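Trainee: Protein sequence lines, in the order shown, are assigned to chains E and S.
All residue numbers for the first sequence refer to my numbering, where the first residue is -17 and numbers rise by one.
All residue numbers for the second sequence refer to my numbering, where the first residue is 4 and numbers rise by one.
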Amino acid sequence: MGASFKETKLPADAPRSQKALAWVDDRFPLSKLWNDQWGKYYAPKNFNIWYLFGSLAMLVLVLQIVTGIFLTMYYKPDANLAFYSVETNIMRDVHWGWLVRYLHSTGASAFFIVVYLHMTRGLLYGSYRKPRELIWLFGFAIFLCLMAEAFFGYLLPWGQMSYWGAQVIVNLFSAIPVIGPDLSLWIRGDYVVSDATLNRFFAFHVIAIPLVLLGLVAAHLIALHEVGSSNPDGIEVKENLGPDGHGVDAIPSHPYYTTKDLFGVSCFLLIFSAVVFFAPEMGGFFLEHNNFLPADSMKTPGEIAPTWYFTPFYSVLRATTSDFIWVVMAGIAAYVIFIWLRSRLSYKAKIGATVIGIIVEIGMLTLEAKVWGVVLFGSSVVILALLPWLDKSPVKSIRYRPSWHKYVYVVFFLAFLTLGYLGTNPPTPTSTLIAQLCTLLYFSFFLLMPWWSTMGRFKAVPNRLTFTPH
Amino acid sequence: MSNEKQVDSGRRGLLVATCAAGGVVGVSTAGVLVSTLQPSERAKAAGAPVEVDISDVKPGEMKVVEWRGKPVWILRRTPEMLATLPKNKPELADPDSDKPYQLPTPKYAKNEFRAYPEHKEVLVAVGICTHLGCSPSARFAEGAQPNLPDDWRGGFLCPCHGSTFDLSARVFKNKPAPMNLDIPPYMYLSDNKIVIGKDENGEA
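(1) Please look up how many angstroms separate the CB atoms of Leu160 (chain S) and Arg142 (chain S), rounded, as I've assumed it's under 8 Å.
(2) Of all the CB atoms in chain E, is at least one closer than 8 Å to the CB of Arg173 (chain S)?
(3) Measuring only between beta-carbons, confirm whether Val160 (chain E) sits less than 8 Å from chain S.
(4) Assign Leu154 (chain E) to buried or exposed, taking buried as 16 or more other Cβ atoms, counted over all protein chains shown, within 10 Å of its Cβ.
(5) Please report whether the beta-carbon of Ala48 (chain S) lies at a distance below 8 Å from any beta-carbon of chain E.
(6) Rounded to a whole number of angstroms, what is the C-alpha to C-alpha distance between Val247 (chain E) and His452 (chain E)?
(7) For the segment 374 to 392 of chain E, which residues have a beta carbon sitting closer than 9 Å to at least one beta carbon of chain S?
(8) Residues of chain E with a CB under 7 Å from the CB of Lys200 (chain S): which are they?
(9) In chain order, which alpha helix (DSSP H) runs of at least 4 residues are fully inside the segment 183 to 245 of chain E?
(10) Compare the Cα-Cα distances from Leu34 (chain E) to each of E:Tyr424, E:Asp243, E:Trp434 and E:Phe395 and report the closest residue.
(11) Could you confirm whether any beta carbon from chain E is found closer than 8 Å to the beta carbon of His164 (chain S)?
(12) CB Ile77 (chain S) to CB Val53 (chain S), shorter than 8 Å?
(13) Shorter than 8 Å from the beta carbon of Pro42 (chain S) to some beta carbon of chain E?
(14) Going by CA-CA distance only, name the one from E:Leu53, E:Ile117 and E:Leu3 that's closest to Leu198 (chain E).
(15) Here's the rule: buried if 16 or more other CB atoms are within 10 angstroms of the residue's CB, otherwise exposed. What is Phe260 (chain E)?
(16) For the alpha helix (DSSP H) containing Arg79 (chain S), list its first residue and its last residue.
(17) With distance defined between alpha-carbon atoms, name the residue in E:Val310, E:Tyr317, E:Pro432 and E:Val393 nearest to Gln418 (chain E).
(18) Comparing alpha-carbon positions, which option in E:Ala92, E:Ser426 and E:Val68 lies nearest Ala256 (chain E)?
(19) What residues from chain S crowd round Ile286 (chain E), counting only those whose CB sits closer than 7 Å?
(20) Any Cβ of chain S within less than 8 Å of the Cβ of Thr282 (chain E)?
(21) In chain order, what residues of the segment 92 to 110 of chain S put their CB closer than 8 Å to some CB of chain E?
(22) Please classify Ala23 (chain S) as buried or exposed, where buried requires at least 16 neighbouring CB atoms within 10 angstroms.
(23) Check Gly146 (chain S) in the structure and name its three-state DSSP category.
(24) In chain order, which alpha helix (DSSP H) runs of at least 4 residues are fully inside the segment 104 to 161 of chain E?
(25) If distances are taken between C-alpha atoms only, which option among E:Val188, E:Val174 and E:Ala90 comes closest to Ser43 (chain S)?
(26) Can you tell me the Cα-Cα spacing of Lys378 (chain E) and Gly36 (chain E), whole angstroms?
(27) Can the beta-carbon of Ala96 (chain S) be found closer than 8 Å to that of Phe175 (chain S)?
(28) Give me, in chain order, the residues of the same chain whose beta-carbon lies closer than 7 Å to that of Ser140 (chain S); leave out the 5 immediate sequence neighbours on both sides.
(29) Okay, do the segment 324 to 343 of chain E and the segment 278 to 290 of chain E touch, 3+ Cβ pairs below 8 Å being the bar?
(30) Determine whether the beta carbon atoms of Gly89 (chain E) and Thr49 (chain E) lie at a separation below 8 Å.
(31) By DSSP's criteria, Met65 (chain S) is part of a beta bridge. Which residues make up the other side?
(32) Using the beta-carbon count (16 or more within 10 Å), is Cys137 (chain S) buried or exposed?
(33) Would you verify that the beta carbon of Lys66 (chain S) is, or is not, closer than 8 Å to some beta carbon of chain E?
(34) Ignore the nearest five residues each way along the sequence and tell me which others in Arg71 (chain S)'s own chain have a CB closer than 6 Å to its CB.
(35) Examine chain E for any beta-carbon lying closer than 8 Å to the beta-carbon of Glu54 (chain S), and answer yes or no.
(36) Please state the DSSP three-state secondary structure of Asp177 (chain E).
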């Protein structure tokens, strides 16, 4: 039982704003929320540029929601009207409609750039390590929601690329044995991508996914502010408290990080506006050329490529040919043997890994390469969620890892970028071979992490943050 | 735990019953919502069989008609085109069309022409790639050309991921597409009139 309600008594000559705030605070924890979540949230004092992308992601989220609301006022989710409502009405007839639309379409790409950089930060400084596993998982779920938002949203302009991109992705589900064809029929609501599909994608894009996304963002932030931020040194600032009860190396977010983040926002908006005003199509990367043709179910465009942010994973899908399956099978067999020889897992876990390995190998012999392409495609995304449990390094931050670990990260990022680049181009025999090599590197980075992350000579982690006052 | 109360089994029973009843209502509501996503009656009706007049399709030419929103090819093959089919056999993934994609291969099309034996020159196939649903393009010219092998004998090329098909819409080996293109159920109403989506065994 809490204490009974008590009105805060302020002196009669207190300013009106103070009285109003006290009145609200007695009824709703407004000041408490602000202080817990930002105002008196103590963060390590040595954040660098990598730490701007969280608040930038928040900014882009708000931008997408606001511009999205205005776009729905003119957009028509109807197979006969959708293309013209975007390309004729919004882009040409509505006052400033083109700006709102370009803000929204550029915002989608900006969102992925910011989020990829935000995730890179996590990877470099081990931000996902204990006790921040849940923050990482919420973040991963946000990433999935973003991908869903981007996929559903891309169908809405009802251009050729929208249409055939959706056709290809929905057909991925038909690869699932037994239930596949019925499942993709159920997703589309018709025998092909059609008006029914457009309407339901619209519903998912404007309400269902955004609601989930907002909930996840709240969970991500609440979890972060519960355990506290990590930092480039990977030291827990809460372990070294000053007389005021806060970490000696921590500073309140407001005003210190408010000003830094605002500076980051200014820089971001400078680049963002340059793209919106001068290169909104970004040479076909942000808005693909074929999407300026209305959808035609009888004619596939010469080349179907997803937008750039999906291409690394899409390359993995394309790289899985029936020949490559043999390589994957050999890899899985080697991995299971490796687990037996070189891991400290319990006997039961090893047996479990072997059973899973054997089932997958049998599956690869019996089911088509197409199915496994979809499985690898999905795994290449989901494996990110396992990072907190794959990384066994005694230090969190790359700063105190053995120097050669940096090359491992370089190889990983190069493999990821190469996959992304190859995914934007039509496949050739050579590029397929390179994509297969990069796919192997990509998965090895994660699957071998429990071993390589512990190897080498680690540097001494300091007791206090590395910080140079300026 | 001094606050621990004796469980009133009568009340507990009612509680379980109420929750179970509520759960049934909840699950059936979810079921209703899920089934609204199925193709509607209107969409199913739009998938009815279509009649096509093929008198205007000359030898070596192809006509594309729409059935269930998908392109269906009607190709009248020349004798030279038909002669390429046996040569392709060793290079095909499934020359006898044993593995179906979305529609089982009709019995009358389980031959190398993938057509009625009495109308073997006319190929009727769903022009949707079995990889990821793109529509392959016609590449009937023989010989070396971009994206195709040098000894190309004519067929179809999927522009998305490079799968190739012969003039009976059978897929070549080691391509992203695992299966031959679908042959829809169809039947001849007269020599120059076919109906797609229906045969002697009923509608698809």
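Where a beta carbon is used, it is the ideal one built from N, C-alpha and C, also for glycine.
Note that this is a predicted model, so its numbers are computed, not measured.
Mentor: Reading from the atomic positions:
(1) Yes, they are in contact, since the Cβ atoms of Leu160 (chain S) and Arg142 (chain S) sit about 5 Å apart, within 8 Å.
(2) Taking 8 Å as the threshold, the shortest C-beta distance from Arg173 (chain S) to chain E does not fall below it.
(3) Chain S contact via Cβ: absent.
(4) That one is buried.
(5) For Ala48 (chain S), no CB of chain E lies under 8 Å from its own CB, so it is not counted at the interface with that chain.
(6) For Val247 (chain E) and His452 (chain E), the distance between alpha carbons rounds to 21 Å.
(7) Residues of the segment 374 to 392 of chain E with a Cβ closer than 9 Å to any Cβ of chain S: none.
(8) Looking at the sequence shown, residue 200 (chain S) is not Lys but Gly. Those do not exist, as Gly200 (chain S) stays about 11 Å from chain E at its closest Cβ, beyond 7 Å.
(9) Listed in chain order, the complete alpha helix (DSSP H) runs (minimum 4 residues) inside the segment 183 to 245 of chain E are 191 to 209.
(10) When only C-alpha atoms are compared, the closest one is E:Asp243.
(11) When Cβ-Cβ separations below 8 Å define contact, His164 (chain S) makes contact with chain E.
(12) No, they are not a contact pair.
(13) For Pro42 (chain S), at least one C-beta of chain E is nearer than 8 Å to its own C-beta.
(14) It is E:Ile117 whose Cα lies nearest to the Cα of Leu198 (chain E).
(15) Within 10 angstroms of the beta-carbon of Phe260 (chain E) lie fewer than 16 other beta-carbons, which makes it exposed.
(16) From DSSP, Arg79 (chain S) is part of no alpha helix (DSSP H) but of the beta strand (DSSP E) over Lys73 to Arg79.
(17) Measuring from the Cα of Gln418 (chain E), the nearest candidate turns out to be E:Val310.
(18) Among E:Ala92, E:Ser426 and E:Val68, the Cα nearest to that of Ala256 (chain E) is on E:Ala92.
(19) For a Cβ distance threshold of 7 Å, residue set Cys137 and Cys163 of chain S lies close to Ile286 (chain E), ordered along the chain.
(20) Closer than 8 Å to some Cβ of chain S, the Cβ of Thr282 (chain E) qualifies, so yes.
(21) Near chain E, meaning a CB-to-CB distance below 8 Å, the residues of the segment 92 to 110 of chain S are Gln105.
(22) Residue burial annotation: Ala23 (chain S) is exposed, with fewer than 16 other C-beta atoms found within 10 angstroms of its C-beta.
(23) Note: Gly146 (chain S) maps to coil in three-state DSSP.
(24) Within the segment 104 to 161 of chain E, the complete alpha helix (DSSP H) runs of at least 4 residues are 115 to 137 and 142 to 155.
(25) Of E:Val188, E:Val174 and E:Ala90, the residue nearest in Cα terms is E:Val174.
(26) Counting only the Cα atoms, Gly36 (chain E) lies some 19 Å from Lys378 (chain E).
(27) In contact: Ala96 (chain S) and Phe175 (chain S) (Cβ atoms closer than 8 Å).
(28) For Ser140 (chain S), same chain residues with a beta-carbon under 7 Å away, outside a window of 5 residues either side, are Phe159, Leu160 and Pro162 in chain order.
(29) Using a Cβ-Cβ distance cut-off of 8 Å, the segment 324 to 343 of chain E and the segment 278 to 290 of chain E are not in contact, since fewer than three pairs of beta carbons, one from each stretch, lie closer than that value.
(30) Gly89 (chain E) is a Cβ neighbour of Thr49 (chain E), given a cutoff of 8 Å.
(31) Paired residues: S:Leu78.
(32) Taking a 10 Å sphere around the C-beta of Cys137 (chain S), we find 16 or more other C-beta atoms and assign the residue as buried.
(33) So no, Lys66 (chain S) is outside the interface.
(34) Residues Gly50 of the same chain have their beta carbon placed closer than 6 Å to that of Arg71 (chain S), with the five preceding and five following residues left out of the count.
(35) So, not an interface residue.
(36) Helix.
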